[in-house]
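Listed in order, the protein sequences are those of chains A and B.
Just so we're aligned: 332 in this note's numbering is position 332 of the first sequence, and the numbers increase by one with no gaps anywhere.
To convert, count from 1 in the second sequence and add 1000; that's this note's numbering.
Everything below concerns the one structure shown next.
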Amino acid sequence: MKQHTEILIMILLALLYVASAAAQDNALLMFKLKPGATGKVCMDCHVNIQETVKKPFVHTPVKSGDCTGCHNPHTSSHGKLLAADSKQICAQCHATVIPADARSSHKPVAEGNCMKCHSPHASENRFNMLRAGNALCLDCHKAMGDTLAKVKHKHSPVTTGCLTCHLPHASSKAGFLLKDEVPALCTGCHKVDKPIFIKQHMNYPVAKARCTACHDPHGSDMPSLLYNNVHKPVASKMCSQCHNDATSSSPLKTKRSGSELCKECHSDMVNSTFAKNKVHWPLLGKQGCLTCHNPHAAKEKGLLKADLITVCGSCHKDTIQRQEKSLTKHDPIQNGNCMACHDPHASNSQFLTNKPSIIDVCGKCHDWQKHSTHPIGDKIKDKRNKNLTMQCLSCHRAHGTEYKHFIPFPTTSDLCTQCHDQYKR
Amino acid sequence: MSRIFMKYAVLGFVLLAATGAAGAERLKQVTAVYLDDKGGALAAPEGIVCDAKGGIVVADTGNGRLLKYSFKDAGISGGSEVKAPQLTVPTRLQLDSKGDIYALDGKLRRIAHLKGDGSFVGYLDLHGVPAPDPQIRSFRVGANDQVYLLDILGRRVLELDPSGNFQRQLPFPAEAGFCSDLALTRGGDLLLLDSLASVVYAASKGGIEFKPLSKDLKEYVSFATYLTTDSRGTIFVMDQNGSSLVTLGPDGTYTGRLLALGWKEGQLYYPAQICVSDGGLLGIADRNNSRAQFFELIK
């Protein structure tokens, strides 16, 4: 029975081939085309392609002499006489490269820039890749390349190839183009029931924990690929300093919640924070310190979850966006140094600034006192509002505006005539 | 003839009422208050509350005191100081049915209870509240003097009786980001403001869960931190970082944006609390302009 089915399929395929060949012959006859007009004729002029197709991996339409699969032989609205926009033409055949249920997709793929990685004609590498192995990925992911070149310990699959863990086009299962969710992806290789694994994790049941909360999946200078900044209790394997005992019924539960737990060691910092008039609200929330910090290990100093722009911007998106749109950029924000002006924990001042006076905050970088300036200070009243004195924010918005010099008005004269209305035109 | 006239009059009234309810709010500036009754300047006020009789209390946060004013004959007068050593950082304010003042101390995160004359009664002690110990970000006093607390540690709204006895709790929606404020409608529904998602959630009176009332308001709001309602059900959302006031209809649809950033009167600079009296007076604690501003609501 099985043999009959196979024979039937082969006959159908043969018929399909004959039918398509016949159709092609019909087209040749109808348009009085020369033999090989859909491709071989092209090679008579495009001699460089003749050399290209000698490479070991050739794009199927090129191999079958079907240049018209992608190019229009006469005219086109697109470059290189392509039959469609260069960002869409590949999808005409490779439509399912990004599945409908994709949870992450590679930016060049999503944008239709297939030729950033593939040669459309032929290549020395499998899948017509422009370069083989990680080199191609690291052409764009330069920071990752730099990191991998420096780190003491590389994750061995990184050396084998990025595609050990990542998919090149899209992933239906996880973010970051990962082949599977963490920890399933990791536990495919790292068996969680092995004694060494259990011992390394101090007998805590971490099989379902997110491995990348502590370990850098690419490489690190720290043993066990821990991120470069490790929380002291983790480094000294004193998990029970924060968590219940490994043998308890809820071993991963912390002994206290929120900032109360952190206070046990960081009492000076927590006490001074809570003694101030304005505490950054997230510190008082359920996540407490962990709103911004990782408890175990982190790439960033101070165990921050990410760079400050990302961490602060996760809540203060509007403020970060204001800087992005601003015609004039403020260096501390550009450099991700929010703490140049703000205390992220608490302050007695508005906006959680790290000095009581705005003039002093700005004066740390802007030496206004050393050159002529508009009168500012506690003795200079703001003409627009008798309860305010002139300071930097009387005219500027520190995170930028849609106008130059952080001013909240389209022109300087619009700003100045707010107070000096005798000069209004 | 008179019956026909009556019919059209009723129809006209209904149409007017309907369009009025759906129409955008407008504000007419009444005045701005900069000083107390002794000529002392306000500093970074973060709280304001007003009652139907024209009584107004301002939390003069930067000076660590409360100031009492009254609204009469289209003007604001008074400015007597209320200072209690137990309340050093007054922020959000509420009044109960007897005219007693409730003030959230921003440093202690406790609610101070003062008599209408300013004498300190005590802190609102909480009884029987399930763990964890609340961290109060905001609060409201209801029509029957029940107290609603916004607990950011427990991610919930707590309902207490006037003595602070636990009545019930409503969890924040699981998807909520950081909730900055809650409000009560005149009908007793609870509103919850998610500053990060820029969404207003609602729980019907006696209901057990919050559901989204508004859509994502990010296209209208930068970073909202306070909300309140008026007798018509209009929801006022204070956009602190955008320095303006956004209005929503009772169903949460966006209806308009009022006021803008600036230092002159009629403009706002990082405003904090707002109050709307049943008489149509709208007061704003204009924090970074160190003043309180008052407007008449015009429909």
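Idealized CB from N, CA, C, for every residue including glycine.
Since the structure is predicted, the reported quantities are computational estimates derived from the model, not experimental observations.
Inset, instruction - For B:F1223, go through chain A and note every residue whose CB falls closer than 8 Å to its CB, in chain order. - result: Listed along chain A are H316, D318 and T319, each with a C-beta nearer than 8 Å to that of B:F1223.
Inset, instruction - With distances taken Cα to Cα, identify the nearest neighbour of A:T417 among B:K1264, B:Q1273 and B:I1056. - result: Nearest neighbour of A:T417 by Cα position, chosen from B:K1264, B:Q1273 and B:I1056, turns out to be B:K1264.
Inset, instruction - Measuring only between beta-carbons, confirm whether A:R384 sits less than 8 Å from chain B. - result: Answer yes: the Cβ-Cβ gap between A:R384 and chain B drops below 8 Å somewhere.
Legend entry - Straight-line gap, B:L1114 to B:A1084 (C-alpha atoms, nearest Å): A straight-line Cα-Cα distance of about 9 Å links B:L1114 and B:A1084.
Inset, instruction - State the DSSP-derived secondary structure class of B:A1074, mapped to helix, strand or coil. - result: Here B:A1074 sits in coil by DSSP.
Inset, instruction - With 8 Å as the threshold, decide whether the Cβ of A:L261 is near any Cβ in chain B. - result: No, because no Cβ of chain B sits closer than 8 Å to the Cβ of A:L261.
Inset, instruction - Can you check DSSP and say which residues form a bridge with B:Q1293? - result: For B:Q1293, which the question treats as bridged, DSSP gives the partners B:A1032 and B:I1284.
Legend entry - Neighbour-count burial assignment, A:T242, 16 or more Cβ in a 10 Å radius: A small fix is needed here, since residue 242 of chain A is Cys in this sequence, not Thr. By the 10 Å Cβ count, A:C242 comes out buried.
Inset, instruction - For chain B, find out if any of its Cβ atoms is closer than 8 Å to the Cβ of A:P223; answer yes or no. - result: Not closer than 8 Å to any Cβ of chain B, the Cβ of A:P223 fails to qualify, so no.
Legend entry - Candidates A:T164, A:L148 and A:G175: closest to A:K107 by CA position: Distance from the Cα of A:K107 is smallest, within the candidate group A:T164, A:L148 and A:G175, for A:G175.
Legend entry - Inter-residue Cα distance where the pair is A:D414 and A:H420: Roughly 10 Å separates the two Cα atoms.
Legend entry - Residues of the segment 249–279 of chain A whose Cβ lies closer than 7 Å to any Cβ of chain B, in chain order: Hits within the stretch, in order: S257, G258, N277 and K278.
Inset, instruction - Take the Cβ of B:V1221 as the centre, count every other Cβ of all protein chains shown within 10 Å, and call the residue buried at 16 or more, exposed below. - result: With 16 or more other Cβ atoms inside 10 Å of its own Cβ, B:V1221 counts as buried.
Inset, instruction - Measure the CB-CB distance between B:S1244 and A:L388 and report whether it falls below 8 Å. - result: Contact flag unset, no.
Inset, instruction - Flag this pair as yes or no: are the beta carbons of B:A1183 and B:T1229 separated by less than 8 Å? - result: Taking C-beta atoms as the reference points, B:A1183 and B:T1229 count as a pair closer than 8 Å.
Legend entry - Nearest-angstrom Cα separation, counted from A:G69 out to A:G161: The straight-line gap from Cα to Cα measures roughly 33 Å.
Inset, instruction - Would you please verify whether the beta carbon of B:S1135 is less than 8 Å from any beta carbon of chain A? - result: The displayed chain sequence assigns Gln, not Ser, to residue 1135 of chain B. Closer than 8 Å to some Cβ of chain A, the Cβ of B:Q1135 qualifies, so yes.
Inset, instruction - Could you spell out where the beta strand (DSSP E) holding A:Q391 opens and where it closes? - result: DSSP places A:Q391 in no beta strand (DSSP E); its state is neither H nor E.
Inset, instruction - Evaluate B:N1288 with the Cβ neighbour count: other Cβ atoms within 10 Å of its Cβ, from every protein chain shown; 16 or more gives buried, anything less gives exposed. - result: Its Cβ being crowded by 16 or more others within 10 Å, B:N1288 is buried.
Inset, instruction - Give the straight-line distance between the Cα atoms of A:H166 and A:K54, rounded to the nearest whole angstrom. - result: So the alpha carbons of these two residues sit roughly 31 Å apart.
Legend entry - Per-residue DSSP class, three states only, for B:P1173: Coil at B:P1173, not helix or strand.
Inset, instruction - Closer than 7 Å, Cβ to Cβ, to anything on chain A: give me those residues from the segment 1161–1185 of chain B, in chain order. - result: Residues of the segment 1161–1185 of chain B with a C-beta atom less than 7 Å from some C-beta of chain A are F1178, listed in chain order.
Inset, instruction - For B:I1152, name the three-state secondary structure that DSSP assigns. - result: Reduced to three states, the DSSP call for B:I1152 is coil.
Inset, instruction - Could you confirm whether any beta carbon from chain A is found closer than 8 Å to the beta carbon of B:G1116? - result: Interface residue (Cβ-Cβ distance to chain A less than 8 Å): B:G1116 is not classified as such.
Legend entry - Inter-residue Cα distance where the pair is A:V109 and A:S220: Approximately 29 Å, taken between the alpha carbons.
Legend entry - Residues bridged to B:P1212 [DSSP beta-bridge criterion]: Paired residues: B:Y1201.
Legend entry - Buried or exposed by the 16-neighbour rule on C-beta atoms within 10 Å, applied to A:C45: Classification for A:C45: exposed.
Inset, instruction - Could you please tell me which residues of the segment 1060–1079 of chain B, in chain order, have their CB closer than 8 Å to any CB of chain A? - result: The residues in question: there are none.
Inset, instruction - Taking B:K1107 as the query, report the chain A residues whose CB atoms sit under 7 Å from its CB, ordered along the chain. - result: Within chain A, the residues near B:K1107 are N277.
Inset, instruction - With a threshold of 16 other CB atoms inside 10 Å of the CB of B:R1186, please say whether the residue is buried or exposed. - result: Counting Cβ neighbours within 10 Å, B:R1186 comes out exposed, since fewer than 16 surround it.
Legend entry - Inter-residue spacing [alpha-carbon to alpha-carbon] between A:I7 and A:S123: C-alpha separation (whole angstroms): 36 Å.
Legend entry - 8 Å Cβ cutoff met for B:M1238 and B:P1271: In contact: B:M1238 and B:P1271 (Cβ atoms closer than 8 Å).
Legend entry - Meets three-Cβ-pair contact criterion under 8 Å: the segment 283–303 of chain A and the segment 374–388 of chain A: These segments do not touch.
Inset, instruction - Tell me, please, whether the CB atom of B:A1021 is closer than 8 Å to any CB atom in chain A? - result: Residue placement at B:A1021 is flagged as unreliable, the pLDDT there being 43, under the threshold of 50; a coordinate-derived value is accordingly withheld.
Legend entry - Cβ of A:W281 within 8 Å of any chain B Cβ: For A:W281, the answer is yes, since a Cβ of chain B falls inside 8 Å of its Cβ.
Legend entry - alpha helix (DSSP H) segment containing B:C1050, residue limits: According to the DSSP assignment, B:C1050 belongs to no alpha helix (DSSP H) but to the beta strand (DSSP E) extending over G1047 to C1050.
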